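Colleague: Residue numbers (my numbering), protein chains in the order written: chain X, 1 to 344; chain E, 1001 to 1344. Backbone N, C-alpha and C fix where the C-beta goes; we use that ideal spot for every residue, glycine too. Please read all numbers here as calculations on a predicted model, not as lab measurements. My questions all concern the structure below.
There are 2 protein chains.
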Amino acid sequence: MKGISIKDIAKQAGVSPTTVSFVLNGKAKEKRISDQVSKKILKLAAKLKYKPNQLARGLRTGKTKTIGLIVEDIANHFFANVAKIVEEEADKFGYKVLYGSTEDNLTKARGLLEVLEYRQVDGYIITPTPNLDKEIEVLKNSRKPMVLMDRYLPQIPTNYVMVNNFQGSYDAAEYLLELGYQKIALVTTTSEQIQMKERFNGFTAAMKAHRASLPRKMCKKIPFGASKEEAVSQIMEFIKGLPGLDAIFFTTNYLGIYGIESVKELGMKIGEDVALISFDDHDLFRLHTPGITCVAQPIHDIARNVIQVLMNELNQHNNQINQVVLPATLIKRESCRKRAKTVA
Amino acid sequence: MKGISIKDIAKQAGVSPTTVSFVLNGKAKEKRISDQVSKKILKLAAKLKYKPNQLARGLRTGKTKTIGLIVEDIANHFFANVAKIVEEEADKFGYKVLYGSTEDNLTKARGLLEVLEYRQVDGYIITPTPNLDKEIEVLKNSRKPMVLMDRYLPQIPTNYVMVNNFQGSYDAAEYLLELGYQKIALVTTTSEQIQMKERFNGFTAAMKAHRASLPRKMCKKIPFGASKEEAVSQIMEFIKGLPGLDAIFFTTNYLGIYGIESVKELGMKIGEDVALISFDDHDLFRLHTPGITCVAQPIHDIARNVIQVLMNELNQHNNQINQVVLPATLIKRESCRKRAKTVA
DNA sequence: TGTTTATGCTAAATCGTTATAGCGCGTACG
DNA sequence: CGTACGCGCTATAACGATTTAGCATAAACA
Chain X
1 MKGISIKDIA KQAGVSPTTV SFVLNGKAKE KRISDQVSKK ILKLAAKLKY KPNQLARGLR
61 TGKTKTIGLI VEDIANHFFA NVAKIVEEEA DKFGYKVLYG STEDNLTKAR GLLEVLEYRQ
121 VDGYIITPTP NLDKEIEVLK NSRKPMVLMD RYLPQIPTNY VMVNNFQGSY DAAEYLLELG
181 YQKIALVTTT SEQIQMKERF NGFTAAMKAH RASLPRKMCK KIPFGASKEE AVSQIMEFIK
241 GLPGLDAIFF TTNYLGIYGI ESVKELGMKI GEDVALISFD DHDLFRLHTP GITCVAQPIH
301 DIARNVIQVL MNELNQHNNQ INQVVLPATL IKRESCRKRA KTVA
Chain E
1001 MKGISIKDIA KQAGVSPTTV SFVLNGKAKE KRISDQVSKK ILKLAAKLKY KPNQLARGLR
1061 TGKTKTIGLI VEDIANHFFA NVAKIVEEEA DKFGYKVLYG STEDNLTKAR GLLEVLEYRQ
1121 VDGYIITPTP NLDKEIEVLK NSRKPMVLMD RYLPQIPTNY VMVNNFQGSY DAAEYLLELG
1181 YQKIALVTTT SEQIQMKERF NGFTAAMKAH RASLPRKMCK KIPFGASKEE AVSQIMEFIK
1241 GLPGLDAIFF TTNYLGIYGI ESVKELGMKI GEDVALISFD DHDLFRLHTP GITCVAQPIH
1301 DIARNVIQVL MNELNQHNNQ INQVVLPATL IKRESCRKRA KTVA
């Protein structure tokens, strides 16, 4: 059950494969193929359901029309959604997507990059793991079209698309202050990922700008990779040590989820005894009662911009660097409420 | 910046490309290449970081070492997780995965199948949309390795891997009865998808087996594709019309989620006023307070079995059909509790 | 009439691999 | 002494497309 090749069409049409190729690639006019012949070929191709062999084409042209998508975890809500839009958008340009998850593990990331090179992908969308700098640099120097996503490497100027982590957290802090919260805590992770640092910085900057205090004892770092139980118990301890606490900001959604559990476990009411706000949206935040206020990433825009930047690179090898920082959106739900101003 | 080819190695080693190919494919012994030459070639290949061009190789061998994964929605919790394991498992066999979402739309599914054919994928993993029978039949007749997932087409005998929908729902019903619930309702969708029917059938079968009644008025079908608002309001109406109702079974997780909202909206307490149980697990069910009892699909096993069946087909063209039905697991949480038996 | 130019098409090389057929040499056999 | 075989390797032809260079033929021009 072999497929129909250009030769089969050529034979049946009584012309050379070259002619068929010209016509099928829309170069009939340019190559001065008569309308008669053109039409005959087009008809035959349709009738035989000719499908160009992308392998042969790729081998000859050096383009596979395939892009590699490296994410932290494709099963994660954020990345799964990005993967979906990326696939849809890429499809519009005739590209297919090969994907892989790094689990934020350097070795896995290296493996993925290698396989994608084998596969001759035309371009890369990468969520870099820690210490992937060297590999990114190599890729950059080989002039492969590439866009980083969700994170960037401060030392290497490259294309990237990400949310404005600083602004998002800044807005979160301002919102809490505006509502009248006064004893505000922050929970983050020990991970050195740049986006976590920026979220931390944005929040503290807003606090400072409004002359609110965020002393070190109001900030808790949960070890990266801690189990749910460990995390929850640490957060509970942290909360217990802060009497009068009225609001908590979590720098990422899984911490926020642990936070919900911790607060409930302590018998406190979310939105009444304590306000919760988290970076990143999540089904759970949306559907929880009360709804959890959060700083949402513009997933669609991120994916669309990633593809746009990549397609730009793919189509014209300008050396211009595209760095897109998209605004985060504060989604107000019932976990934060207007407070009657009381003097502490 | 061209890559290193087999010719480059051949030239530097002073041998023919054929020899290099033999050695690099582990056929040195078989093809009687001397150890001397073998070693020299291996060393050179490592030194030059030779990466075989999969395109050329694929063109020659007719194998791309790529499989196509067609799911309903890659952003959906279930499929995203399957996609993750599928990728990991495929990787172990040297395969990469191309994916796409159908949105349960026939036209999209056709488009995906076509693109994957272009791309010469070696095998297909397909979550069939309604009315995809003809295309599946064609694929089957062309003897392409293929496994259906999550659903099957009753009219066409093919490989498939899925959860035991009937048993899962059966267990759910038995569990509710065992706990002493007496006025039990079921919420499903109007979708004619086979798995939904089986879930419905399993539940009713268990009820009948235990001489419990499930009259038609206790069953609600929500239109497929209804918006969240519509669905929630319909479920609310349904519940309001059933005084004394003490438990509700939802045939799929998004209905269960709507159910949670509906029940809360009505001011009822989950697990106290009414028990909820849903087919399919979800982050929300796990993290909700109270936790929502559900019938979970063995996602890992499904993905692993899918790959195993596919690899079987890929490696040996036996015509044997593999149909794997995996048990569903009842995950008990607080949304269903032991009831003091009261006479209605 | 002889030289250009335009027209409509094709031969052949090429991409990087794999697979088949077989070459030249030395040794063993009858 | 002629032939058969084992050994270690290679030449060459694919796979299916794209692309470059160019070949006839006819029309146009001087």
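Could you name the residues of the region 102-133 of chain X whose beta carbon sits closer than 7 Å to any beta carbon of chain E, in the order they occur along the chain?
Modeller: Listed in sequence order: Val-115, Glu-117, Tyr-118, Arg-119, Gln-120.
Colleague: Given a cut-off of 9 Å on the beta-carbon distance, is the pair Arg-339(X) and Cys-294(X) in contact?
Modeller: The count along the first sequence starts at 1 and reaches residue 339(X) at position 339. The count along the first sequence starts at 1 and reaches residue 294(X) at position 294. Not in contact: Arg-339(X) and Cys-294(X) (Cβ atoms no closer than 9 Å).
Colleague: Output the distance between the C-alpha atoms of Asn-164(X) and Gln-1155(E), rounded to the nearest integer angstrom.
Modeller: Indexing the first sequence from 1 puts residue 164(X) at position 164. Indexing the second sequence from 1 puts residue 1155(E) at position 155. Roughly 52 Å separates the two Cα atoms.
Colleague: Using a C-beta cutoff of 9 Å, does Glu-1313(E) count as contacting chain X?
Modeller: Locating residue 1313(E) in the second sequence gives position 313, where the first residue counts as 1. So, not an interface residue.
Colleague: Helix, strand or coil, according to DSSP, for Val-1343(E) in the structure here?
Modeller: To locate residue 1343(E), count along the second sequence from 1; it is residue 343. Confidence in Val-1343(E) is poor, its pLDDT being 47 and thus under 50, which makes the residue's placement unreliable; the coordinate value appears in the next sentence. Looking at Val-1343(E) - three-state DSSP - the assignment turns out to be coil, as it is neither helix nor strand.
Colleague: Would you please verify whether the beta carbon of Glu-1088(E) is less than 9 Å from any beta carbon of chain X?
Modeller: Numbered from its first residue, the second sequence carries residue 1088(E) at position 88. It does: the Cβ of Glu-1088(E) has a partner Cβ on chain X nearer than 9 Å.
Colleague: With distances taken Cα to Cα, identify the nearest neighbour of Tyr-1124(E) among Thr-1066(E), Glu-1174(E), Leu-1153(E).
Modeller: As a working note, residue 1124(E) is residue 124 in the second sequence. That would be Thr-1066(E), whose Cα lies nearest to the Cα of Tyr-1124(E).
Colleague: Pull the bridge partners of Tyr-1124(E) from the DSSP assignment, please.
Modeller: Position 124 of the second sequence, counting from 1, holds the residue named residue 1124(E). According to DSSP, which records beta bridges pairwise, Tyr-1124(E) is partnered with Gly-1068(E), Met-1146(E).
Colleague: Which of helix, strand or coil does DSSP assign to Pro-327(X)?
Modeller: As a first step, residue 327(X) is located in the first sequence; it is residue number 327 there, counting from the start. Pro-327(X): coil per DSSP, three-state reduction.
Colleague: Count the other C-beta atoms from every protein chain shown that fall within 10 angstroms of the C-beta of Leu-266(X), then say buried if there are 16 or more, exposed otherwise.
Modeller: Taking the first sequence and counting its residues from 1, one reaches residue 266(X) at position 266. Counting Cβ neighbours within 10 Å, Leu-266(X) comes out exposed, since fewer than 16 surround it.
Colleague: Nearest-angstrom Cα distance between Asn-1159(E) and Asp-133(X)?
Modeller: Within the second sequence, numbered from 1, the residue matching residue 1159(E) stands at position 159. Within the first sequence, numbered from 1, the residue matching residue 133(X) stands at position 133. When rounded, the distance between both Cα atoms is 44 Å.
Colleague: Buried or exposed, going by whether 16 or more other CB atoms sit within 10 Å of the CB of Val-20(X)?
Modeller: Here residue 20(X) refers to the residue found at position 20 when the first sequence is read from its first residue. Counting Cβ neighbours within 10 Å, Val-20(X) comes out buried, since at least 16 surround it.
Colleague: Contact criterion: CB-CB distance below 9 Å. Does Gln-1054(E) meet it with respect to chain X?
Modeller: For the purposes of this step, residue 1054(E) is taken as residue 54 along the second sequence, with counting starting at 1. Chain X contact via Cβ: present.
Colleague: Using a 10 Å radius around the Cβ and a threshold of 16 neighbouring Cβ atoms, would you call Val-1138(E) buried or exposed?
Modeller: Within the second sequence, residue 1138(E) is the residue found at index 138, counting from 1. With fewer than 16 other Cβ atoms within 10 Å, it is exposed.
Colleague: With distance defined between alpha-carbon atoms, name the residue in Ile-74(X), Gly-111(X), Lys-92(X) nearest to Ser-101(X).
Modeller: Translated into positions along the first sequence, residue 101(X) becomes position 101. Residue Ile-74(X) is the option with its Cα nearest to Ser-101(X).
Colleague: Using three-state DSSP, classify Thr-204(X) as helix, strand or coil.
Modeller: Counted from its first residue, the first sequence places residue 204(X) at position 204. It is helical.
Colleague: Give me the chain E residues within the contact set of Tyr-352(X), using Cβ-Cβ distance strictly less than 8 Å, ordered along the chain.
Modeller: Given a span of 1 to 344 for chain X in the structure shown, any question on residue 352(X) remains unanswerable.
Colleague: How would you list, in chain order, the residues of chain X whose beta-carbon sits under 7 Å from the beta-carbon of Ala-1080(E)?
Modeller: For the purposes of this step, residue 1080(E) is identified with residue 80 of the second sequence, where counting begins at 1. Residues of chain X passing the Cβ test: Ile-74, Ala-75, Ala-80.
Colleague: Which bits of chain E does Leu-365(X) rub up against, with CB to CB less than 8 Å?
Modeller: It is not possible to answer for residue 365(X), since the shown part of chain X is limited to 1 through 344.
Colleague: Taking the straight line between their C-alpha atoms, what separation do you get for Glu-1237(E) and Lys-1217(E)?
Modeller: Looking up residue 1237(E) in the second sequence gives position 237. Looking up residue 1217(E) in the second sequence gives position 217. Roughly 12 Å separates the two Cα atoms.
Colleague: Do you know how far the Cα of Leu-176(X) is from the Cα of Lys-221(X)?
Modeller: Numbered from 1 along the first sequence, position 221 holds the residue referred to as residue 221(X). Numbered from 1 along the first sequence, position 176 holds the residue referred to as residue 176(X). So the two alpha carbons sit approximately 20 Å from each other.
Colleague: So, for Ala-344(X): in the same chain, excluding its five sequence neighbours on each side, which residues have a beta-carbon less than 6 Å away from its beta-carbon?
Modeller: Locating residue 344(X) in the first sequence gives position 344, counting from the first residue. Any answer about Ala-344(X) is weak, because its pLDDT of 46 lies below 50 and its placement is not dependable; what the coordinates show is given next. Closer than 6 Å at the Cβ level, and outside the excluded window around Ala-344(X), lie Gln-182.
Colleague: Apart from the five residues on each side of it in sequence, which residues of its chain come closer than 7 Å, Cβ to Cβ, to Leu-1284(E)?
Modeller: What you label residue 1284(E) is simply residue 284 of the second sequence in a count that begins at 1. For Leu-1284(E), where only same-chain residues beyond five positions count, the Cβ hits under 7 Å are Ile-1257.
Colleague: Between the region 1050-1060 of chain E and the region 109-124 of chain X, do at least 3 Cβ pairs fall closer than 8 Å?
Modeller: Output reads yes: the region 109-124 of chain X touches the region 1050-1060 of chain E.
Colleague: Between Thr-18(X) and chain E, is any beta-carbon pair separated by less than 9 Å?
Modeller: For the purposes of this step, residue 18(X) is taken as the residue at position 18 of the first sequence. With 9 Å as the cut-off, Thr-18(X) does not count as an interface residue toward chain E.
Colleague: Is there a Cβ from chain X that is less than 9 Å from the Cβ of Asp-1281(E)?
Modeller: For this step, residue 1281(E) is matched to residue 281 along the second sequence. So, not an interface residue.
Colleague: How close, in whole Å, do the beta carbons of Ala-173(X) and Met-207(X) come, if the pair is a contact with beta carbons under 8 Å?
Modeller: As a first step, residue 173(X) is located in the first sequence; it is residue number 173 there, counting from the start. As a first step, residue 207(X) is located in the first sequence; it is residue number 207 there, counting from the start. Contact flag correct, Cβ pair sits at about 5 Å.
Colleague: Less than 9 Å separating the beta-carbons of Asp-281(X) and Ala-303(X)?
Modeller: Working through the first sequence from its first residue, we reach residue 281(X) at position 281. Working through the first sequence from its first residue, we reach residue 303(X) at position 303. For Asp-281(X) and Ala-303(X), no; Cβs fall outside 9 Å.
Colleague: Can you grab the Cα-Cα spacing for the pair Ile-1361(E) / Pro-1215(E), in whole Å?
Modeller: Any question about residue 1361(E) goes unanswered here, given that chain E covers just 1001 to 1344.
Colleague: Hey, how far is the Cα of Glu-89(X) from the Cα of Gln-308(X)?
Modeller: As a first step, residue 89(X) must be located in the first sequence, where it is residue number 89. As a first step, residue 308(X) must be located in the first sequence, where it is residue number 308. Their backbone Cα atoms lie some 9 Å apart in a straight line.
Colleague: Touching or not, the region 1002-1020 of chain E and the region 1040-1047 of chain E, by the rule of three or more beta carbon pairs under 8 Å?
Modeller: Yes, they touch.
Colleague: Which term fits Lys-1029(E), buried or exposed, when burial requires 16 or more other beta carbons within 10 angstroms of its beta carbon?
Modeller: For the purposes of this step, residue 1029(E) is taken as the residue at position 29 of the second sequence. Exposed, because fewer than 16 other Cβ atoms sit within 10 Å of the Cβ of Lys-1029(E).
Colleague: Where does the unbroken beta strand (DSSP E) through Tyr-99(X) begin, and where does it stop?
Modeller: For this step, residue 99(X) is matched to residue 99 along the first sequence. Unbroken beta strand (DSSP E) run through Tyr-99(X): 96-101.
Colleague: Under 9 Å Cβ-Cβ, which residues of chain X neighbour Glu-1261(E)?
Modeller: Working through the second sequence from its first residue, we reach residue 1261(E) at position 261. Near Glu-1261(E) (Cβ distances below 9 Å), the residues of chain X are Leu-287, Thr-289.
Colleague: Starting from Thr-64(X), find everything on chain E with Cβ-Cβ shorter than 8 Å and list it in chain order.
Modeller: Position 64 of the first sequence, counting from 1, holds the residue named residue 64(X). By Cβ distance, chain E contributes Leu-1055.
Colleague: Determine, for Ile-257(X), whether the minimum Cβ-Cβ distance to residues of chain E falls below 9 Å.
Modeller: Counting from one through the first sequence, the residue named residue 257(X) turns up at place 257. By this cut-off, Ile-257(X) is an interface position.
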